[in-house]
Amino acid sequence: MVINNKKPNTKYYLFYVVKFQSLPFYFKQLFKLFTSLVLLQTNNRQEMRIVDVKGQQCPAPIIATKKALKESEKGEAFKVLTDNQTSLNNLTRFLMDNKTEFSVDEADGVWTLIITKNVSATSIAEVENYCTPAASVFPKGDFVIAITSDRMGDGSDELGHLLIGNFIKTIKDLDLLPRKIIFYNKGVTLVSDESPFLRHIKDLEKMGVELLICATCVDYYSLDGKIEAGILSNMFVIADALASAGNVVRP
Amino acid sequence: MKPDLLQMVESGGCSAKISPKQLEEILKRLPLPDDPNILVNVETHDDAGVYRVNDDLALVFTTDFFPPVCSDPYEFGQIAATNSISDIYAMGGDPVIALNIMMFPAAKLPLEVYAEILKGGSDKASEAGVKIIGGHTIDDFPPKYGLAVVGYIHPDRIIANTGASPGDSIVLTKPVGTGIILAGQRLGITDGNDIAEAKKLMKQLNRQGAEVMKKYSIKGATDITGFGLAGHALKMAKASNVSININMRKVSLIGGTYNLVDEGCIPGASFRNLDFVENDSHLGKNLDYNLKMIACDAQTSGGLLISVPCDKTEALVKDLHEAGLQYSTIIGDVSEKKHKFLYLKN
């Protein structure tokens, strides 16, 4: 019965049921099984490191996990064992916030987390950046777009807002993409985390369009920390981009 | 040999507070007493209640008690008393009288420890000009201590957490990190100097800070305790119906706090506080994880978080420095209510 509750090892379990009628043999097998399990455990330890934080409370489990993460190679997995629900919750929260891959399994009041050290968040960003040169397959024309408002045209504000969104979305379908899109004055609100058109702007950035965002304007509209795409730029960069462009398109 | 109080508790000081989320739920179910003389009640989650006696006088009333935050009973008494009195200062009041609240395991610990805790509390109360005029003890383990304090205030000069206005700067008078430093101490990984620094800060009354606030007729402030910088800033933003923006890089930290968090020394209370603040807060994707958890670190006897009109900020900070609060810094500002109540960035 003990075996049944352990991590399943089907081979040994079946063997033990078959031989059940013979009691001395059963004991012998049980002994063998026990030693095998011990061996198995040792093998596991060689294959996968085990961080046992049973009986420990926060922050000790997180310290131990973070240490193991630091010591692991990228892609390497290790186990963390805990018997405390709060520690488990805090650990999983910690791992999710740090975008670390893990799985959880519970048996007999002990949770086993299998944690894989992944490519760090910064490296993921690097990979994305490295991907952008490939985006040069999207040909560019000799023009930049200046978005100076969160609306397009004069008249109804509501309509103007819809139009600018549609415009941004449509840029992606142009035969030639702009070299740059410059956002200034109220235009910067379109690049904030609350902008309904952010997805399309991010798509354009991925397609290799450089996005210049007026830093003074971001500050003015209190959007500090909320700009989700592009490069915060000063007036020189913006003036240079406008002056050196073959054409400036202002929707 | 003196018993080591710190080894008797899992979470000491204000880390032992109940989860702010649960507390909010429970308080919602209680009927609010209806009386025009109640000037500040639990509704705005302020530091203390305020009750008007007449047109020139109101009473500020508060209590706080918690399990040990340090090994030495005398120091524990000092810190607990400082923390209890702090709520009066945060409201702009003058603390006057207090009662001891004590839970003490008489069969497990020598009574000398009991006397030492009370002595620490009494000495700190004297420093604050507070007369302890009674108290109550029950037998319980681990020990817990604090005060119920009454202060005086003019009804028109209450500094409430409802008083933050768009355009104000946010100033913090003490560095943060006591929860992290103490958790690390329990595991033996905190530097001795940092422990000493944390204890010194926890024993520092917020009196000087309160005096400077009064000089500048500040309307909005709170003190930072168990819900952490983020939790208390959020409560103030909600009560004032504004957004508070904090730059975590501007926040002073006690010694090796950042490195401890980077090693994973994140107390459980930080996760409880994070859980409480995250729905109403913008925690930018670029916000450093360690700084985020530091913002959620439960403080014991933390500093004052002051909302100060922009034109007075520089002079106020200068006065705070001159009053001996050398870590006082501008850590953010207040804006009209945006999408969220609290914005943390770095």
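The listed protein sequences derive, respectively, from chains A and B. Going left to right, the first sequence walks through residues 11 to 261 as our numbering numbers them. Going left to right, the second sequence walks through residues 269 to 614 as our numbering numbers them. We put the beta carbon where it would ideally sit given N, CA and C, even for glycine.
Residue contact check for Tyr526 of chain B against chain A: no CB pair falls below 9 Å. Proximity of Cys533 of chain B to chain A, defined by a Cβ-Cβ separation below 9 Å, is satisfied. For Arg59 of chain A, the enclosing beta strand (DSSP E) starts and ends at Arg59 to Asp62.
By the C-beta density criterion, Thr350 of chain B is buried, having at least 16 other C-beta atoms within 10 angstroms. Pairwise C-beta distances place the region 62-82 of chain A in contact with the region 118-127 of chain A, as three or more of them are shorter than 8 Å.
Contacts with chain B at 9 Å (Cβ-Cβ) do not include Arg209 of chain A. Rounded to whole angstroms, the gap between the alpha carbons of Val247 of chain A and Ile192 of chain A is 10 Å. Cβ-Cβ distances below 8 Å link Ile598 of chain B to Ser437, Ile438, Val439, Lys518, Thr581 and Val585 in the same chain, with the five nearest sequence neighbours on each side left out; the list follows chain order.
Close CB contacts of Cys533 of chain B within its chain, under the 7 Å cut and outside five residues either way in sequence, are with Ile448, Ala451, Gly452 and Ile457 (chain order). When DSSP reads this structure, Ile124 of chain A sits in a beta bridge with A:Lys89 and A:Ser113. Under DSSP, Asn368 of chain B forms a beta bridge with B:Gly403 and B:Leu415. Taking Gln275 of chain B as reference, the option from B:Ala501, B:Gly552, B:Pro341 and B:Leu588 with the minimal CA-CA separation is B:Pro341. No Cβ of chain B is located within less than 9 Å of the beta carbon of Arg189 of chain A.
For the pair Pro434 of chain B and Val576 of chain B, the CB atoms are not nearer than the 9 Å cut-off.
Counting only runs of 4+ residues, the alpha helix (DSSP H) found wholly inside the region 285-368 of chain B occupies 288-297 and 341-358, in chain order. At least one CB of chain B lies nearer than 9 Å to the CB of Pro69 of chain A. Comparing alpha carbon positions, the residue from B:Leu307, B:Leu327 and B:Ser596 closest to Asn474 of chain B is B:Ser596. At least one C-beta of chain B is nearer than 9 Å to the C-beta of Ile72 of chain A. Assignment of alpha helix (DSSP H) within the region 161-247 of chain A, counting only whole runs of 4 or more residues, yields 167-181, 208-216 and 225-230 in chain order. Identification of residues in the region 221-236 of chain A having a C-beta nearer than 8 Å to some C-beta of chain B yields Ser232, Asp234, Gly235 and Lys236, given in sequence order. At a cut-off of 9 Å, the C-beta of Ile353 of chain B has no neighbouring C-beta in chain A.
Within the region 155-182 of chain A, no residue has a Cβ lying closer than 8 Å to any Cβ of chain B.
In the structure shown, the three-state DSSP call for Tyr595 of chain B is coil.
The Cβ of Asn513 of chain B sits closer than 9 Å to at least one Cβ of chain A. Below 8 Å, too few C-beta pairs join the region 303-317 of chain B and the region 397-407 of chain B to call them touching: fewer than three. Chain-ordered, the chain A residues with CB closer than 7 Å to the CB of Glu278 of chain B read Gln67. With contact defined as three or more Cβ pairs closer than 8 Å, the region 291-305 of chain B and the region 552-569 of chain B are not in contact.
Taking 9 Å as the CB threshold, Arg59 of chain A stays off the interface with chain B. Secondary-structure assignment with DSSP links Ile514 of chain B through a beta bridge to B:Gly600 and B:Leu612. By the Cβ test, the region 563-573 of chain B is in contact with the region 487-505 of chain B, since at least three Cβ pairs between them sit closer than 8 Å.
Within chain B, the residues placing a beta-carbon under 9 Å from that of Glu204 of chain A are Lys606 and His607, ordered along the chain. Here the C-alpha atom of Tyr420 of chain B lies approximately 17 Å from the C-alpha atom of Ala489 of chain B. DSSP places Gly488 of chain B inside the beta strand (DSSP E), whose first and last residues are Gly488 to Asp491.
Under the 9 Å criterion on CB atoms, Leu274 of chain B is classed as non-interfacial with respect to chain A.
Chain-ordered, the chain A residues with CB closer than 7 Å to the CB of Ala451 of chain B read Pro69. Beta bridge pairing from DSSP links Leu386 of chain B with no other residue.
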